[in-house]
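Undergrad:
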Amino acid sequence: MDLSSSLSWERLQSVFYRSQPLQSVKNKTSSLGISTYLTVGPSNTSVYTYSEELLISVNHENLPSTHLKSVLEDDHLVVVMKDRVRVYSSFITQEYKDHTIMGKDRLPLSIWDYKNGIAMTTEFHMHQIFLNQPVFPNLNISLLLKDHWFANKSKIVVLDSSGKVLVCNLETSNLLEFEGWTGWYKGCISENGYICLVNGKLDTLVVFDDNLNKPLISANLDELPKSIAWCGDDLVCCVFGDEEVRLIGSKTEYASFWFSNNIVLLQSTSNGLKIATDDQIEFISKVPTCTSNIFSIGSTSPGAILLDSLNLLHNEQNSPKAIENLKIINVKKAVDECVSAVYDELDPLWQKRLLAAASFGKDSLSSTEFDADHFAKTCSYLRVLNFLKSIGIHLTLRMFLAIGLENIIKKLIDIRKIYESLEIVKFLKYPELIPAIFEEWAKGLILTSSDSSDDELYQIMTDRATSLDTRLHLSNTANVAFLDGRHSLARKLVMDDKDVLPKIDLLLKMDEIDLALQEATQSMSIPLILYLLLYSKRKMSNVQFTKTLMITMKENNIYQYFQRHDFSLLYDYLRQTDDYLTLARLLWDHGTVEGQETVALLDQASELYGKLATNSSVKRDRSMLDRAKKLATYQNELTNRYGISFHRQTMDETLATLIKINQNSEVKKMVNAFKISDRKYYFLKCTQLAKEHRLKELLAFAKEKKSPIGYLPFFKAVCKYANKKEAAVYIGMLSSASYAEKLSLYIDCSAYDEAITLASYEKDAIGLKQVLNKIPPNETQLRSKAMQHLHTL
Numbered sequence: 001m002d003l004s005s006s007l008s009w010e011r012l013q014s015v016f017y018r019s020q021p022l023q024s025v026k027n028k029t030s031s032l033g034i035s036t037y038l039t040v041g042p043s044n045t046s047v048y049t050y051s052e053e054l055l056i057s058v059n060h061e062n063l064p065s066t067h068l069k070s071v072l073e074d075d076h077l078v079v080v081m082k083d084r085v086r087v088y089s090s091f092i093t094q095e096y097k098d099h100t101i102m103g104k105d106r107l108p109l110s111i112w113d114y115k116n117g118i119a120m121t122t123e124f125h126m127h128q129i130f131l132n133q134p135v136f137p138n139l140n141i142s143l144l145l146k147d148h149w150f151a152n153k154s155k156i157v158v159l160d161s162s163g164k165v166l167v168c169n170l171e172t173s174n175l176l177e178f179e180g181w182t183g184w185y186k187g188c189i190s191e192n193g194y195i196c197l198v199n200g201k202l203d204t205l206v207v208f209d210d211n212l213n214k215p216l217i218s219a220n221l222d223e224l225p226k227s228i229a230w231c232g233d234d235l236v237c238c239v240f241g242d243e244e245v246r247l248i249g250s251k252t253e254y255a256s257f258w259f260s261n262n263i264v265l266l267q268s269t270s271n272g273l274k275i276a277t278d279d280q281i282e283f284i285s286k287v288p289t290c291t292s293n294i295f296s297i298g299s300t301s302p303g304a305i306l307l308d309s310l311n312l313l314h315n316e317q318n319s320p321k322a323i324e325n326l327k328i329i330n331v332k333k334a335v336d337e338c339v340s341a342v343y344d345e346l347d348p349l350w351q352k353r354l355l356a357a358a359s360f361g362k363d364s365l366s367s368t369e370f371d372a373d374h375f376a377k378t379c380s381y382l383r384v385l386n387f388l389k390s391i392g393i394h395l396t397l398r399m400f401l402a403i404g405l406e407n408i409i410k411k412l413i414d415i416r417k418i419y420e421s422l423e424i425v426k427f428l429k430y431p432e433l434i435p436a437i438f439e440e441w442a443k444g445l446i447l448t449s450s451d452s453s454d455d456e457l458y459q460i461m462t463d464r465a466t467s468l469d470t471r472l473h474l475s476n477t478a479n480v481a482f483l484d485g486r487h488s489l490a491r492k493l494v495m496d497d498k499d500v501l502p503k504i505d506l507l508l509k510m511d512e513i514d515l516a517l518q519e520a521t522q523s524m525s526i527p528l529i530l531y532l533l534l535y536s537k538r539k540m541s542n543v544q545f546t547k548t549l550m551i552t553m554k555e556n557n558i559y560q561y562f563q564r565h566d567f568s569l570l571y572d573y574l575r576q577t578d579d580y581l582t583l584a585r586l587l588w589d590h591g592t593v594e595g596q597e598t599v600a601l602l603d604q605a606s607e608l609y610g611k612l613a614t615n616s617s618v619k620r621d622r623s624m625l626d627r628a629k630k631l632a633t634y635q636n637e638l639t640n641r642y643g644i645s646f647h648r649q650t651m652d653e654t655l656a657t658l659i660k661i662n663q664n665s666e667v668k669k670m671v672n673a674f675k676i677s678d679r680k681y682y683f684l685k686c687t688q689l690a691k692e693h694r695l696k697e698l699l700a701f702a703k704e705k706k707s708p709i710g711y712l713p714f715f716k717a718v719c720k721y722a723n724k725k726e727a728a729v730y731i732g733m734l735s736s737a738s739y740a741e742k743l744s745l746y747i748d749c750s751a752y753d754e755a756i757t758l759a760s761y762e763k764d765a766i767g768l769k770q771v772l773n774k775i776p777p778n779e780t781q782l783r784s785k786a787m788q789h790l791h792t793l
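Those letters in the sequence shown? Residues 1 to 793, by full-length UniProt numbering.
1) To the nearest whole angstrom, what separates the beta carbons of Leu782 and Asp753, a pair I think is in contact under 8 angstroms?
2) Taking all protein chains shown into account, decide if Leu145 is buried (16 or more other Cβ within 10 angstroms of its Cβ) or exposed.
3) Based on the DSSP output, what are the partners of Gly272 in its beta bridges?
4) Count the other C-beta atoms from every protein chain shown that fall within 10 angstroms of the C-beta of Thr792, then say buried if there are 16 or more, exposed otherwise.
5) With distance defined between alpha-carbon atoms, name the residue in Ile328, Leu695, Asn325 nearest to Val718.
6) Ignore the nearest five residues each way along the sequence and tell me which others in Arg84's own chain have a CB closer than 7 angstroms to its CB.
7) Measuring alpha carbon to alpha carbon, tell me which residue in Thr462, Leu483, Asp484, Gln518 is nearest Lys492.
8) Go through its chain and collect everything with a Cβ distance to Cys749's Cβ below 7 angstroms, but skip five positions before and after it.
9) Taking three-plus beta-carbon pairs below 8 angstroms as touching, is the region 259-266 in contact with the region 23-43?
10) Classify Leu273 as buried or exposed, calling it buried when 16 or more other Cβ atoms lie within 10 Å of its own Cβ.
11) Within 10 angstroms of its Cβ, does Trp258 collect 16 or more other Cβ (buried), or is it exposed?
12) Rounded to whole angstroms, what's the CA-CA distance from Val593 to Tyr711? Just pull it up for me.
13) Hey, how far is the Cα of Ser46 from the Cα of Leu55?
14) Per DSSP, what kind of secondary structure is Val25 in: helix, strand or coil?
15) Is there contact here, the region 333-341 with the region 379-387, by at least three beta-carbon pairs under 8 angstroms?
16) Smallest Cα separation from Thr687: which of Lys669, Glu704, Lys703, Asp652?
17) What does the alpha-carbon distance come out to for the pair Ile529 and His487?
18) In terms of residue numbering, what span does the alpha helix (DSSP H) encompassing His394 cover?
19) Can Ser760 and Leu768 be called in contact, C-beta distance under 8 angstroms?
20) Could you name the residues that DSSP lists as bridge partners for Asn59?
21) So is Gln596 buried or exposed if we call it buried at 16+ other beta carbons inside 10 Å?
22) Tell me which residue opens and which closes the alpha helix (DSSP H) that Asn476 is part of.
23) Within 10 angstroms of its Cβ, does Gln522 collect 16 or more other Cβ (buried), or is it exposed?
24) Over the uninterrupted beta strand (DSSP E) stretch that includes Phe240, give me the two end residues.
25) Which residue comes first and which comes last in the beta strand (DSSP E) that contains Tyr50?
26) Would you identify the three-state DSSP class for Arg783, choosing helix, strand or coil?
27) According to DSSP, is Leu197 part of a helix, a strand, or is it coil?
28) Where in the region 510-561 do unbroken runs of the alpha helix (DSSP H), each at least 4 residues long, occur, reported from the N-terminal end onward?
29) Would you call Ser190 buried or exposed, if buried means 16 or more other Cβ atoms sit within 10 Å of its Cβ?
30) Would you say the region 175-183 touches the region 209-228, given that touching needs at least three Cβ pairs under 8 angstroms?
31) Where do the ends of the alpha helix (DSSP H) carrying Glu439 lie?
32) Can you tell me whether Leu506 is helix, strand or coil according to DSSP?
33) Which same chain residues end up closer than 8 angstroms to Met670 when comparing Cβ atoms and leaving out the 5 residues on each side of it in sequence?
34) Exposed or buried, Tyr219, counting other C-beta atoms within 10 Å across all chains shown (16 or more means buried)?
35) Just mark Thr49 as buried or exposed, buried being the case when its beta carbon has 16 or more other beta carbons within 10 Å.
36) Let's test the definition: count the other Cβ atoms within 10 Å of the Cβ of Leu38 and tell me whether it reaches 16, buried, or not, exposed.
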C-alpha cells in the first residue's frame, strides 16, 4: 500500500472496500485454501503450496471409480468419485479415508454432485457424507443443473425444477418451501445463513433470511453474472464479463473492481472474498472503520494526526509541529486506533508504519494507559505473519487470532514446514505445541521411510527428541510404528515415554503384558497394578498367570492381598512357590471350617512348619498352632457333648458360651486346661452374666473372693447390659474410689437416693445441689429428701 492507497478504495454506501494482491500463481486455480491451492486437470488433481511446491498429485485413471470433481475443504483434499468421497487427511503421508453412501441392498449409491460435506445422489437424495446419514430422506426434488443447489455447514438451498425454492436447515431440521417463482439461475449462502439467489428470467438478485417473499435486498441486473459469492457476511459479489467483480449494495448501488486478467474463481471467506485470476490471487474486503479513519484523505481522526505527526517528525524542520499535534488530540485514542488498524493490515510496510506511530504516541502515556505487554505481543505476532506471507500464507492479525496458533501450526505441518513450525512456537513461547509437531513429523518419517530400518528411525527420532528438550508423548508415535508393522521401533519408543498410562495402554495393545506390569509396578500406582493383574488373569492361562506372579510380581503381593479370601488360588500359588511358612499360616487361618476338617488343616500346617525348623518365626507360630489344634479338638468334644456348635469360635467365645449354658464345672476345667488368666476369666464371666441379666449370680460371683479386676468392670457391665440402678451395689465395693468418683457413679446409674445419703454424710452442699439438679421432676419424694438434707447443712 502506497501513500495514496485510499484512492484505490471503492465506497459503497458508507463503507469502503479494497482489493489487495495476495499471491501470483503458475497454475489455473480450482479451489483455494489458507496454505494451499488446488488445480484440476482432465487427468489429474494437484495440490500446491503458494510457493509452488507440489504436495500431492492424484491421477484420475488410478482412482477406483470415475472422477467427478475435487475441492479443498479446510486445506484437506476432497476427491469426489461416482461411488465414494475420498478425503486426504495428510499431504505428508497421503493417508485418506473413503466415504460411501450405502443403499438398501448394501451397495454404494451413485453420486451426482458434492458441496460442503453434502453429497447429492443421481436419484436426487442428499446425504451428510461424513456423518453417514441422509438429509430430509422423504424430500422429493428434481434438479436440472448442478448450480441449482448449494450448501454450507448449516443450510442447503435447492432450486427445484418445478420452480420451488427449498431451504433445508441442517441444525433445526426445518424445511421452508417457497412457490410462485420460476427462472432461478444460481445462488449462494453466507456464513451466517443469508441466502442470495439470482433469477435469470427476471434479471433480479435477491437476498433473504427466512422468507423469500420478504427479501432484504432486491436488485435489478443489467446482465446475468457468471458467478456469485459472498464477501464475508456483508454483501454479494458478482462476476460480469471476464474482468469485473461487482459488489451489490442495494437495489441501485454497487461498486466495481476491475482485474487485468480473466477471473476464474470466487471463494468466500469469513473476512472477505478471494478472487483467482489466470495468474494472481487477490483479496477484496471491507475497510475497517479504524483504518478508514486513519487513511481517508483529509481525515482528522486522532490516529490520522498521530501518523501524520510521525511523518513530520522525520523532517527536522517540522519536528516541533509534530510535537504540537500531539497536544491537540487524545493520544490514547490515537494509539488504540493505530494498533487496531494493524490487526487488519496485510501489507508489512503499513503494519510497520502504524506500529511506529503507536510507539511514538505511547511515550506520552502512562503505564496504566498503555499495555506494553500487549504491544510487544502484537509485534511478535506480526513477525510471524510476515514469515507466513513469505511462504504464501496471507493473513491479517485478526484472521490469525481467529484461526488460532494451533490450527496454523497444523496447516504448516501438513505442507511439510516442520522446522518453521518449531521456530514459530519457540519464538511465540508456546512449548506445549512442540509435542504435536514432533508427532506429525515422526509419523511422516515412519510412514514414508520404508527403506529405513527400525534402529535407524529410532536413532533419528531420539536425536530430534533430545534436541527439543521438551517432554514428548512418545506413545502416540510408537502407536504409529506399531500399526505400520514396526514392532521393534514401537517397543523402543513406548519404553522411552514418561507418561505411564498411555505407555501401558499401548503395551497391552502390543500384547507386552509383562512389560506393562513392570512399568505399572515402578509407578507404584496400586489401582493400575491391580487392573493389569486382573487383565492378565483374563488373558493368560492359570500356569502363565502363576508364572507372572512368581517372576514379574515377585516383590509385590498386591494380587495375593486382593484375593486373600480365595483359599484355593492362594493355596496353589504358595505350593508352587515353595513358600511353606506363608502356606502354613494360610492353612491355619483357613481353619474356620467345621469338624475334623479344621484339625486336618491344622495338621497340614503343622507338617509344613516341620520343614522350617530353623526359621526363627516358626517357634512362636508352632506353640500357637499347637494351642489352636488343642482348642479345635476340645471344641469338637464340646459340640458332641452339649449338642450345640462350638465351631468357628475363638477361645474367649468358647469360654463365654460355656458360661452362658451354665456349665460351671466345664468352665473351671477349660480355665485350667488352657491356662486362662484370672483377669481374663473374670472379665469374660462378668460380661456374660450381665448380658444374660443373671444379676444375683453376678453379685455372688463378685463376693466370692476379691476380684482381680476390681469392681468397676462389674459396674460398667451392668450399666451397659442391664438396669443401670442395679449397678449401684458395686459402687460401695470400690474401696479405692474417692468420694467425688463414687458420687459421680451414683448419679450416672440414677441411684439418686444413695447419692443423697453419700453427699449428706460428707456434708457436701454443692454435691447435694448437683444431685438435686439431676433428679427428674416427677421424683418428688427424692427431690424433697434432697432439699431437706440441703437445709440441714
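We put the beta carbon where it would ideally sit given N, CA and C, even for glycine.
TA: The relevant details are as follows:
1) 6 angstroms
2) Classification for Leu145: exposed.
3) Ser285
4) Answer is exposed; the Cβ neighbour count stays below 16.
5) Leu695
6) Ser65, Asp98, His99, Thr100, Pro108
7) Ranking the options by Cα distance to Lys492, first place goes to Thr462.
8) Cys719, Lys724, Lys725, Ala727, Ala728
9) In short, these stretches touch, since the Cβ pair count reaches three.
10) buried
11) exposed
12) Only weak support exists for where Val593 lies, its pLDDT of 46 falling under 50; the coordinates are left without a value.
13) 8 angstroms
14) coil
15) Under the Cβ criterion (8 angstroms, minimum of three pairs), the region 333-341 does not count as touching the region 379-387.
16) Asp652
17) 24 angstroms
18) For His394, there is no enclosing alpha helix (DSSP H), as DSSP gives it neither H nor E.
19) Result yes, Cβ atoms of Ser760 and Leu768 sit closer than 8 angstroms.
20) The partner list for Asn59 (beta bridge, DSSP) reads Asn44.
21) The pLDDT assigned to Gln596 is 43, lower than 50, so where the model puts this residue is not dependable, and the model offers no usable value.
22) 474-483
23) exposed
24) 235-240
25) Unbroken run through Tyr50: none, as it is neither H nor E.
26) helix
27) strand
28) The region 510-561 contains these whole alpha helix (DSSP H) runs: 513-523, 526-539, 542-551.
29) buried
30) The region 175-183 is in contact with the region 209-228.
31) 434-447
32) helix
33) Listed in chain order, the non-local C-beta contacts of Met670 below 8 angstroms within the same chain comprise Tyr634, Thr654, Leu655, Leu658, Ile676, local neighbours out to five positions each way being set aside.
34) Here residue 219 is Ala; the residue named in the question, Tyr, does not match the sequence. Counting Cβ neighbours within 10 Å, Ala219 comes out buried, since at least 16 surround it.
35) buried
36) buried
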